[in-house]
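Have a look at the structure below, then the notes.
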Amino acid sequence: MRLKHQKYSLLLLTLLFLAACSKKLDLKPETSLDVDKALTGEGNLRLATSGNYSLLNYINYMTAYFHLTESPVDNVEATSVFDPGGTRQFGAYSYNHFPTMSNSSDVYANAYKLIRGVNNVIVSIADDASPALLQLKGENLFLRAFAYQSLVKVFGRPYVQGNGSHPGVVIIEKPIPTLERPAKRQTVKEVYDFMIADLLKAESLMTIDNSNAFATKYAAQAMLSSLYLNMGNNAKAIEYADKVIAMTGKFSLSQGDAYKTYFSTNHSVDKETIFCIKNLDGTGSGFFYYNQSYTVEKFAAVSKPLWDLLNEGTGDLRKNFYKALKTTSGETWNFTTKFVQNPAVNTTEKVSSPAIYRLAEMYLNRAEANAKLGNGQQALDDVNTIRRRAGLTGTDLYALGSLRGRSSILQVVLDERRLELAFEGGQRRDDLLRNNLPMIRNYGKAGVPGSNITVQPTDLRVVYFLPLNEVNGVTNSLEQNP
């Protein structure tokens, strides 16, 4: 039986290659054990893989990533200038970035920690190994692509700007046994090509049907669909969305009451989730978005434009993913409950397991790609599938001759993506950037930086600075973002 990966994280940190905790990309090998010996045998390889998964649940990795990618968009409003994490969220919300910003430094350091970990497993498994070992190799290839996806989205400009020609991040594809420190950032295109190669190989290697908390070939297909959509390769985005949607016995959209409570589950066995980060200890990505018992000012409320959109349809079930709460100042705001295990109680909330890929996104990936390819009816069919699941019928659905005030079918799709995928790991940010659309925040409290601003997709601050210690080294310093 597969080991629970969270349980073994501390052990792995003691035994293997994850001991380097510096914020810098420290490639010094662990000297306290024989790494080659540690990664020989299926048991050790499974243990190492479990430790790699555990890094996804580390609050200073995925929580930081969620904050960096959700706070800058028009789905959120700062309730005050107070930020529970110091400058962790507010710098992202206000576009006041700096190279020592803790969230961006944490994402950088921990993504490369994960990359170092998976590289050790990948090189330890031959391509002619047993199916069980090839499954582990495929899972680690998926995790490596996942880590690079978080890095290139935070530190690299959108692919559609210059067709991927801007600086991306450093690609490290194998263990580096010395203090060698890569000095060159590969381009965004090179990083995307690297991720796609990893995912295609992972898709071919993973033949075991695990739970949603582990990588599968379907998770690789879902990530490929999303990557191709961000690249502007709409035909490929449809191809890989189709592969997942076609698995009707494996995946299906949650319906009715099951959908209303979807986000309060751990997602490891439900049929809508393709891949989730299973959370066993109650900490994680949603802490600053929603916490009823938090004794200081709650920070990221739901914006008025998003709330108005939720109220546009009659009886939209997605309003169940939000709750009105009072801040310490006595004001009432709406907050998302997408990360809360039980939003009905009035005690300390534990964070649920965030769904990273789910079937609804595949429908909406396909809808956007079809809209751009001129396949308007197919795009609206997928949008209406999502709207019917949300309890919307009749005039709340779309038709070619009735776009309900939208200027285009693409606008229909983007509004539906906003409704369905709000707060889910930077989806809205990706939607705006790949479609060359500005972030318009025409709301907000006076005196709160970041309120009432418009940020163009080409603005320098839509991406973050590399950590200061990666660009200020004596030798092999990386090029900083302007």
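Residue numbers (mature numbering (1 follows the signal peptide of the UniProt record, and there is no 0)): -19 to -1, 1 to 463.
From the three backbone atoms N, C-alpha and C, an ideal C-beta is built for every residue, glycine too.
Would you kindly report the start and end of the unbroken beta strand (DSSP E) that includes residue i?
{"i": "Thr254", "result": "254 to 257"}
{"i": "Arg422", "result": "420 to 422"}
{"i": "Ile434", "result": "434 to 436"}
Can you give me the start and stop residues for the alpha helix (DSSP H) that residue i sits inside?
{"i": "Ala92", "result": "83 to 104"}
{"i": "Phe175", "result": "169 to 186"}
{"i": "Leu119", "result": "Per the sequence presented here, residue 119 reads as Gly, with Leu not at that position. Here the alpha helix (DSSP H) through Gly119 covers 112 to 136."}
{"i": "Thr44", "result": "No alpha helix (DSSP H) holds Thr44; DSSP gives it neither H nor E."}
{"i": "Glu451", "result": "449 to 452"}
{"i": "Asp108", "result": "Note, Asp108: premise wrong, no alpha helix (DSSP H); not H, not E."}
{"i": "Val321", "result": "Taken as a continuous stretch (DSSP letters only), Val321 belongs to no alpha helix (DSSP H), as it is neither H nor E."}
{"i": "Arg410", "result": "408 to 415"}
{"i": "Tyr445", "result": "Counting along the chain, Tyr445 falls outside any alpha helix (DSSP H), and DSSP gives it neither H nor E."}
{"i": "Arg385", "result": "Here Arg385 belongs to no alpha helix (DSSP H), and DSSP marks it neither H nor E."}
{"i": "Arg398", "result": "390 to 402"}
{"i": "Gly72", "result": "71 to 75"}
With a cut-off of 8 Å on the beta carbons, I'd call residue i and residue j a contact; round off their distance for me.
{"i": "Lys259", "j": "Ser249", "result": "5 Å"}
{"i": "Ser146", "j": "Lys170", "result": "7 Å"}
{"i": "Leu365", "j": "Gln359", "result": "According to the sequence as given, residue 365 is Asn; it is not Leu. That belief does not hold up - the Cβ atoms of Asn365 and Gln359 are roughly 11 Å apart, past 8 Å."}
{"i": "Ala59", "j": "Phe316", "result": "Ala59 to Phe316, Cβ: 12 Å. No contact."}
{"i": "Glu397", "j": "Leu345", "result": "6 Å"}
{"i": "Val88", "j": "Val133", "result": "The pair is not a contact, with the Cβ atoms about 11 Å apart (cut-off 8 Å)."}
{"i": "Leu361", "j": "Tyr379", "result": "5 Å"}
Which partner residues does residue i have in the DSSP bridge list?
{"i": "Glu58", "result": "Ala282"}
{"i": "Ala336", "result": "Cys257"}
{"i": "Trp314", "result": "Leu306"}
{"i": "Pro148", "result": "Thr168"}
{"i": "Ala29", "result": "The partner list for Ala29 (beta bridge, DSSP) is empty, contrary to what the question assumes."}
{"i": "Ala380", "result": "Ser383"}
With distances taken Cα to Cα, identify the nearest neighbour of residue i among the options.
{"i": "Leu373", "options": "Phe47, Lys300, Asn121, Val172", "result": "Lys300"}
{"i": "Gln130", "options": "Ile96, Gly119, Lys118", "result": "Ile96"}
{"i": "Ala92", "options": "Lys224, Leu361, Val135", "result": "Val135"}
{"i": "Gly22", "options": "Lys118, Pro80, Ala336", "result": "Lys118"}
{"i": "Phe446", "options": "Tyr34, Phe79, Phe71, Val54", "result": "Phe79"}
{"i": "Val283", "options": "Ile106, Ser35, Val57", "result": "Val57"}
{"i": "Leu241", "options": "Asp174, Lys307, Phe127, Ala371", "result": "Residue 241 is actually Lys in this sequence, not Leu. Checked all of Asp174, Lys307, Phe127, Ala371; the closest Cα to Lys241 is Ala371."}
{"i": "Ala216", "options": "Arg347, Asp377, Leu28", "result": "Arg347"}
{"i": "Pro463", "options": "Pro148, Tyr34, Trp288", "result": "Pro148"}
{"i": "Asn417", "options": "Lys94, Leu37, Val133, Pro438", "result": "Pro438"}
{"i": "Arg125", "options": "Ala107, Ile106, Lys94", "result": "Lys94"}
{"i": "Ser333", "options": "Ser31, Ala194, Ser105", "result": "Ala194"}
{"i": "Glu405", "options": "Ser35, Thr44, Gly357", "result": "Thr44"}
{"i": "Gly32", "options": "Ser75, Phe71, Asn100, Asn84", "result": "Asn100"}
{"i": "Lys285", "options": "Ala305, Leu298, Gly296, Thr295", "result": "Ala305"}
{"i": "Pro53", "options": "Tyr42, Tyr76, Tyr34", "result": "Tyr76"}
{"i": "Leu210", "options": "Leu413, Leu381, Thr435", "result": "Leu413"}
{"i": "Met228", "options": "Gly213, Val452, Val88, Ala203", "result": "Ala203"}
{"i": "Ile255", "options": "Ala90, Ala222, Asp238", "result": "Ala222"}
{"i": "Lys353", "options": "Met343, Asn292, Leu28, Ala218", "result": "Ala218"}
{"i": "Ala128", "options": "Met176, Lys155, Thr197", "result": "Met176"}
{"i": "Ser319", "options": "Asp179, Asp109, Gln167, Glu401", "result": "For the record, residue 319 in the displayed sequence is Lys; it is not Ser. Selected option, being the one with the closest Cα: Glu401."}
{"i": "Leu181", "options": "Phe123, Ser192, Gly143, Asn84", "result": "Phe123"}
{"i": "Asn247", "options": "Glu220, Ala336, Leu290", "result": "Ala336"}
{"i": "Cys257", "options": "Arg27, Tyr34, Asn25, Thr30", "result": "Tyr34"}
{"i": "Val141", "options": "Ile106, Ala200, Gly213", "result": "Gly213"}
{"i": "Arg415", "options": "Leu391, Gln167, Thr376, Lys426", "result": "Leu391"}
Hey, is residue i close to the ligand FMN, as in C-beta under 7 Å from one of its heavy atoms?
{"i": "Asp179", "result": "This structure does not include the ligand FMN; it has no bound ligands of any sort."}
(request) Give, in chain order, every unbroken run of the beta strand (DSSP E) that is at least 3 residues long and sits entirely within the region 190 to 258. (result) 254 to 257
(request) Identify every run of the alpha helix (DSSP H) within the region 343 to 371, keeping only runs that are complete inside it and at least 4 residues long; order them along the chain. (result) 357 to 370
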